[in-house]
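Visitor: Submitted below is the structure of interest, expressed as structure tokens.
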């Protein structure tokens, strides 16, 4: 390395990978030979590892400029990088978040981006990134384990077992087995475990994780419970001998909800969920302790994955690939053996397969935070979460149409049988209608038992809040906070003849605000029908969340 010389232009090379950023500052000498001035590199912290590749390059440039501030500030610096990070930072319409902070800090330097070519300096910067941890000692090497989910089911029609085996590559395989022998439910659980261990042994597995919802079987194998039953003692000995044939074994007791797939397979095999005629297609097992088993397998890995052609081409490019595959591969990148789609602004979207995309749609639509949105909103939400697959929009619409709760509680579309008339209210937020939903049972966690609903006649805008109790004071506060303060004073408010709306305090408050209170008659309830229609929508949304969890 040499010190910088006056009057010369400096070159800054930056690079980044998954866990490291690095850079090199250089300058040409009198003979035109490029000489290194300074090398820098550092490991990324946990939060920085989750940055996008383009943000990591921006961080590398920001770190290099702040670290080498005294070297580069008096000079014009040419930045060599795989992407134009300067344009990326300065093209943001609003300088916010970490990228805006870096862009603001770099304004004091004279930086010029130069497209990357086969330069020696960039090769050195990439080398620093890939070999920044040569001095670190590797203590151990971790490998992914095989996973086994097992369950047994005893029914009056027979006994069945269900197995779910997940390979280290994440490929699930399901097994259905049925036995005609007379056995208890605990013996069936042991039979499921023994059969699963034999299958794993035949597959060459060495490290396994076993998960089951039978606390007795798991605790007896871990020696927390003592096995006293003579029949179970034989099963326990056989299972223990199989477990000793593996290098590493981990036993976990899980709930039935977490073992849903194996539980469902066991119930199908035992005849709990299907008729006897359908059971003729299943394979029977005569003895649960026999060495040989025949089984019917369902391998979900046979489904064609749309990512396969792209991954094969990007890992091994060849001229014989189809033209459309070559063209599509330009917008994709492989990171950590996973396929990502590159957005127009450089953001990477993780590509999902058929099974993964179904799980993602189910979680967004009807999961813990799902709101049973329509297909268009589901697609927008999944994109914001960073996911992508080719038929994303179509699949989201079909999933929303096939939701059972949405079909049960969704509105019935009716075409008007009479001629439509002009809108009565001439401008927005001139006339409102208010109603109360309740009493709701059971109440919410915060003891809310009522819902106050208001809707504007012109825009159909709905305002709704939960309430513990409904009285005249609560009604006045609702009109004040959610209608007048937000949309201005209305001319009319339509209600029914409930005492909450026709009380003296509410009437006096309406007169002080210049609001005309209109009440519907018991003989013509349709006069307040607009808010009743809004109530139906709110009640349907509540039912979608509550009834599916009861």
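In the working numbering, the protein residues as written are 5 to 554. Where a beta carbon is used, it is the ideal one built from N, C-alpha and C, also for glycine.
So the beta strand (DSSP E) residue 351 belongs to, where does it begin and stop?
Guide: Careful: residue 351 lies outside any beta strand (DSSP E) and carries neither H nor E.
Visitor: Would you check if the distance between the CB atom of residue 504 and the CB atom of residue 479 is smaller than 8 Å?
Guide: Against a cut-off of 8 Å, the Cβ pair of residue 479 and residue 504 comes out as a contact.
Visitor: Quick check on this structure: which residue in 57, 76 and 487 has the alpha carbon closest to the alpha carbon of residue 349?
Guide: The shortest C-alpha separation from residue 349 is found at 57.
Visitor: Determine the direct distance from the alpha carbon of residue 415 to that of residue 541, and round the result to whole angstroms.
Guide: Spanning the two alpha carbons is a distance of roughly 7 Å.
Visitor: Are the stretch 339 to 349 and the stretch 366 to 380 touching by the rule of at least three beta carbon pairs closer than 8 Å?
Guide: Result no; under three Cβ-Cβ pairs closer than 8 Å.
Visitor: Going along the chain, which residues of its own chain have a beta-carbon closer than 8 Å to the beta-carbon of residue 223, five neighbours each way excluded?
Guide: So the list reads 229 and 257, once near-sequence residues are dropped.
Visitor: Whose CA, out of 343, 155, 170 and 182, lies closest to the CA of residue 221?
Guide: For residue 221, the nearest C-alpha among the options comes from 155.
Visitor: Determine the direct distance from the alpha carbon of residue 76 to that of residue 353, and round the result to whole angstroms.
Guide: Approximately 36 Å between the Cα atoms of the pair.
Visitor: Express the C-alpha separation of residue 433 and residue 337 in angstroms, rounding to a whole number.
Guide: Each residue's Cα considered, the two are about 51 Å apart.
Visitor: In its own chain, which residues sit with a C-beta less than 7 Å from the C-beta of residue 148, not counting the 5 before and 5 after it?
Guide: These residues qualify, in order along the chain: 172.
Visitor: To the nearest angstrom, how far is it from the Cα of residue 360 to the Cα of residue 545?
Guide: Between residue 360 and residue 545, the C-alpha separation is close to 27 Å.
Visitor: Helix, strand or coil: which one does DSSP assign to residue 479?
Guide: Here residue 479 sits in helix by DSSP.
Visitor: Hey, out of 208, 247 and 166, whose CA is closest to residue 264's CA?
Guide: The residue with the shortest Cα to Cα distance from residue 264 is 166.
Visitor: Rounding to the nearest angstrom, what Cα-Cα distance links residue 377 and residue 117 in this structure?
Guide: Residue 377 and residue 117: Cα-Cα distance of roughly 45 Å.
Visitor: What are the start and end residues of the alpha helix (DSSP H) that includes residue 505?
Guide: Taken as a continuous stretch (DSSP letters only), the alpha helix (DSSP H) holding residue 505 covers 503 to 506.
Visitor: Identify the continuous alpha helix (DSSP H) that holds residue 332 and give its terminal residues.
Guide: Start and end: 327 to 333.
Visitor: Have a look at 209, 213, 177 and 235 and flag the residue whose alpha-carbon is nearest the alpha-carbon of residue 187.
Guide: Selected option, being the one with the closest Cα: 235.
Visitor: Once you ignore the five residues that flank residue 454 on each side, which residues in its own chain have a CB closer than 8 Å to its CB?
Guide: So the list reads 440, 441, 442, 443, 444, 470, 471, 472, 473 and 474, once near-sequence residues are dropped.
Visitor: Would residue 30 pass as a contact of residue 39 if the rule is Cβ separation under 8 Å?
Guide: Yes, the Cβ-Cβ distance between residue 30 and residue 39 is below 8 Å.
Visitor: In whole angstroms, what separates the C-alpha of residue 104 from that of residue 515?
Guide: When rounded, the distance between both Cα atoms is 53 Å.
Visitor: Could you give the distance in angstroms between the alpha-carbon of residue 381 and the alpha-carbon of residue 182?
Guide: Taking the straight line joining both Cα atoms gives about 44 Å.
Visitor: I'd like to confirm the pairing. Which residues does DSSP put opposite residue 31 in its beta bridges?
Guide: Paired residues: 14 and 39.
Visitor: By how many angstroms is the C-alpha of residue 17 removed from the C-alpha of residue 79?
Guide: When rounded, the distance between both Cα atoms is 15 Å.
Visitor: Which same chain residues end up closer than 7 Å to residue 13 when comparing Cβ atoms and leaving out the 5 residues on each side of it in sequence?
Guide: Excluding sequence neighbours, residue 13 sits near 79, 80 and 82.
Visitor: Measuring only the C-alpha atoms, how far is residue 158 from residue 238?
Guide: Roughly 19 Å separates the two Cα atoms.
Visitor: Would you say residue 269 and residue 201 are within 8 Å of each other, going by their C-beta atoms?
Guide: No; because the gap between Cβ atoms is not below 8 Å, this pair is not in contact.
Visitor: What residue range is occupied by the uninterrupted alpha helix (DSSP H) comprising residue 272?
Guide: Here the alpha helix (DSSP H) through residue 272 covers 264 to 274.
Visitor: If I measure Cβ to Cβ from residue 94 and keep anything under 7 Å in the same chain, skipping five residues before and after, which residues do I get?
Guide: Same-chain partners within the cutoff: 107.
Visitor: Classify residue 153 as buried or exposed, calling it buried when 16 or more other Cβ atoms lie within 10 Å of its own Cβ.
Guide: With 16 or more other Cβ atoms within 10 Å, it is buried.
Visitor: Suppose only complete runs of 4+ residues qualify. What are the alpha helix (DSSP H) ranges in the stretch 443 to 500, listed by chain order?
Guide: Listed in chain order, the complete alpha helix (DSSP H) runs (minimum 4 residues) inside the stretch 443 to 500 are 476 to 483.
Visitor: Can you tell me where the alpha helix (DSSP H) holding residue 241 begins and where it ends?
Guide: First-last of the alpha helix (DSSP H) with residue 241: 234 to 247.
Visitor: Roughly how many angstroms separate the alpha carbons of residue 61 and residue 20, rounded to a whole number?
Guide: Using only the alpha carbons, I get a separation of about 6 Å.
Visitor: So, is residue 403 buried or exposed, given that buried needs 16 or more other C-beta atoms within 10 angstroms?
Guide: When all chains shown are included, residue 403 counts as buried.
Visitor: Between residue 150 and residue 225, is the Cβ-Cβ spacing less than 8 Å?
Guide: Their beta carbons are not under 8 Å apart, which means residue 150 does not touch residue 225 by this criterion.
Visitor: Using the Cβ count rule (16 or more neighbours within 10 Å means buried), how would you classify residue 485?
Guide: It is exposed - the Cβ of residue 485 has fewer than 16 other Cβ atoms within 10 Å.
Visitor: Check whether the Cβ atoms of residue 66 and residue 109 sit closer than 8 Å, and answer yes or no.
Guide: Yes, they are a contact pair.
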